[in-house]
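I have placed the structure first, in the form of C-alpha cells, so that the comments after it can refer back to it.
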Amino acid sequence: MTKLIDGKIVAKEILDNLADEVLFLNKKPCLAVIIVGNDSASKIYVNLKKKKALELGFNSIVIELPEKTLEKDLIDKIEELNSDKNVNAILVQMPLPKHINPLKIIETISPQKDVDCFHPYNVGNISIGKKSYVYPCTPKGIIRLLEYYDIKIEGKHAVVIGRSNIVGRPLSQMLINENATVTLCHSKTKNLSEITKTADILISAVGKPNLVTENMVKDGVVIIDVGMNRLENGKLCGDVDFENVKDKASYITPVPGGVGPMTICSLMVNTYDLFKYQNSL
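Take the sequence shown: its position 3, counting from 1, is numbered 46 in our numbering, and each next residue is one higher.
Written as C-alpha cells, this is what we have:
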C-alpha cells in the first residue's frame, strides 16, 4: 500500500523542537529578508517567512525597497547587514527587477550569513570552512523527509529531474553524500522514461504538470514531487500525475503539503544553525 509523505507533519515536529530550544536562549537568532519591488507572490512568501520566524521566537527584519532601487544601493544594504553582528541570516527574495544582476547580489551576501546557501562558496562546497553548517533549503528538506520515513538512500538509484542550482544540482550532490547512485536528468536528456523506470527514488523539480506519468515509473518507487504548478482552474499540482502514479509508488509526496512545508522549515533550521555557528554554540 502506498504511504503518503506528509511534509506538514514532519515540519511541525522539527519546528516545535526548534522553538523549545530557542525558548531558553538569552540571545535570539535573527533573519533579515530583503524584498525589492512589488511582486505579489514574493510579498506573500516574505510574509510567511516573517510569520514563521516570529512564531519560533526569532527576531525578524524585513527590508522593503522600491522597484527602481539601484543595484549599488541594494549591494550597500546587504553589506550593511553583513557587518551587523545582530543579524545571523540574510535572504534576498527572488526574482529581482530586471536591471539588477541576481548573481552579483547573491555573491555579495556573506557566505557565513547565506541562509539560502546560494553563494558560490556554499553551492560548490555546501559548507562553511571545512564543516557543513547549512544546506540549500529544499534539498535539505527532501533529505529530512526521506530520513523521517526511514527510506534508505544508501545504495539506491536516485533519479533527479531538473538541474537548477536551487534544487537539482545541490540535491544530487547531497544524495551522493548519502551514498546513492545518482542520475541527473534535464530538458536535453534523451529517453527520459527509460531512465526514470530504473529509479528507486525519483525526484522531479521541473515545474511542468504531469511530466511524470504512470508508464515512467516502476513498482515500489519512492516519488518526491518538488513541482508547484497552478492549473487554469486555479488548482495546485506538481510534476507528477499523482492520481495515476500513486498506486505504483511505495511512498509519494502530495502537492501541496509535501516538499513545500519542508522548504520554509529548512530555512528556519538554517537560520538557527548559522546563529549557533556565529555564536560558537
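Every residue gets a Cβ at the ideal spot worked out from N, C-alpha and C, and that includes glycine.
#1: Can you tell me which of the three DSSP states cysteine 228 falls into?
#2: Using the beta-carbon count (16 or more within 10 Å), is isoleucine 246 buried or exposed?
#3: So, are the CB atoms of valine 325 and threonine 181 less than 8 Å apart?
#4: Does the beta-carbon of alanine 248 have 16 or more other beta-carbons within 10 angstroms, so that it is buried, or is it exposed?
#5: Please tell me whether leucine 61 and leucine 108 are closer than 8 Å, where the distance is taken between their beta carbons.
#6: Suppose you measure from the CA of leucine 188 to the CA of proline 297; what does that come to, to the nearest Å?
#7: By Cβ distance, which residues of its chain are closer than 7 Å to asparagine 150, with the 5 residues on each side in sequence left out?
#8: For aspartate 157, I'd like the list of residues in its chain whose CB is within less than 6 Å of its CB, leaving aside the five on either flank, ordered along the chain.
#9: Does the distance from the C-beta atom of valine 265 to that of leucine 227 stay below 8 Å?
#10: Here's the rule: buried if 16 or more other CB atoms are within 10 angstroms of the residue's CB, otherwise exposed. What is lysine 46?
#11: Would aspartate 268 pass as a contact of glycine 250 if the rule is Cβ separation under 8 Å?
#12: What residue ranges within the region 45-80 form continuous alpha helix (DSSP H) runs of no fewer than 4 residues, ordered along the chain?
#13: When you compare each of Pro299, Asp262 and Asn276 to alanine 292 by their alpha carbons, which one comes out closest?
#14: Report yes if the C-beta distance between valine 288 and valine 260 is below 8 Å; otherwise report no.
#15: What's the C-alpha gap between aspartate 49 and glycine 80?
#16: From what residue to what residue does the alpha helix (DSSP H) around alanine 242 run?
#17: Classify isoleucine 152 as helix, strand or coil using the three-state DSSP reduction.
#18: Quick check: the region 112-120 against the region 138-149, are there 3 or more CB pairs under 8 Å?
#19: Does DSSP put asparagine 131 in a helix, a strand or coil?
#20: Within the same chain, show all residues whose beta-carbon is closer than 6 Å to that of valine 130, passing over the 5 residues directly before and after it, in chain order.
#21: Once you ignore the five residues that flank lysine 195 on each side, which residues in its own chain have a CB closer than 7 Å to its CB?
#22: Quick one: residues in its chain with C-beta nearer than 8 Å to the C-beta of aspartate 290, no 5 flanking neighbours on either side, listed in chain order?
#23: Please report the distance separating the alpha-carbon of isoleucine 57 from that of asparagine 253.
#24: With a Cβ-Cβ cutoff of 8 Å, do asparagine 258 and serine 230 count as a contact?
#25: Expressed to the nearest angstrom, what Euclidean distance is found between the alpha-carbon atoms of alanine 54 and leucine 66?
Per the coordinate set shown:
#1: If DSSP states are grouped into helix, strand and coil, cysteine 228 belongs with the strands.
#2: Under a 10 Å Cβ-count criterion, isoleucine 246 is classified as buried, with 16 or more other Cβ atoms of the shown protein chains found around its own Cβ.
#3: In the structure displayed, the chain extends from 44 to 324; residue 325 sits before or after that span and is not available.
#4: Under this definition alanine 248 is a buried residue.
#5: The answer is no: Cβ separation not under 8 Å.
#6: Taking the straight line joining both Cα atoms gives about 13 Å.
#7: Just to set this straight, residue 150 is glutamate in the shown sequence, not asparagine. Result list for glutamate 150: His162 and Pro163, in chain order.
#8: If you ignore the 5 residues before and after aspartate 157, its C-beta comes within less than 6 Å of the C-beta of Asn165, all in its own chain and listed in chain order.
#9: Taking 8 Å as the cut-off, the beta carbon of valine 265 is found no closer than this to the beta carbon of leucine 227.
#10: When all chains shown are included, lysine 46 counts as exposed.
#11: At a Cβ-Cβ threshold of 8 Å, aspartate 268 and glycine 250 do not count as neighbours.
#12: For the region 45-80, the continuous alpha helix (DSSP H) assignments of 4+ residues that do not extend past its boundaries occur at 50-66, in sequence order.
#13: With distances taken between Cα atoms, alanine 292 lies closest to Asp262.
#14: Annotated as proximal: valine 288 and valine 260, with beta-carbon spacing under 8 Å.
#15: If you take the alpha carbons of aspartate 49 and glycine 80, they lie about 34 Å apart.
#16: It is not in any alpha helix (DSSP H) - alanine 242 carries neither H nor E in the DSSP assignment.
#17: In this structure, DSSP gives isoleucine 152 a state outside helix and strand, which the three-state scheme calls coil.
#18: Taking 8 Å as the limit for Cβ pairs, the verdict is that the region 138-149 does touch the region 112-120.
#19: It is coil, neither helix nor strand.
#20: The beta carbon of valine 130 is closer than 6 Å to those of Cys73, Ala75 and Leu124 in its chain, skipping five residues each way along the sequence.
#21: Nothing listed; no residue qualifies.
#22: If you ignore the 5 residues before and after aspartate 290, its C-beta comes within less than 8 Å of the C-beta of Thr45, all in its own chain and listed in chain order.
#23: Those two C-alpha atoms are separated by around 31 Å.
#24: Between asparagine 258 and serine 230, the gap from beta carbon to beta carbon reaches 8 Å or more.
#25: When rounded, the distance between both Cα atoms is 18 Å.
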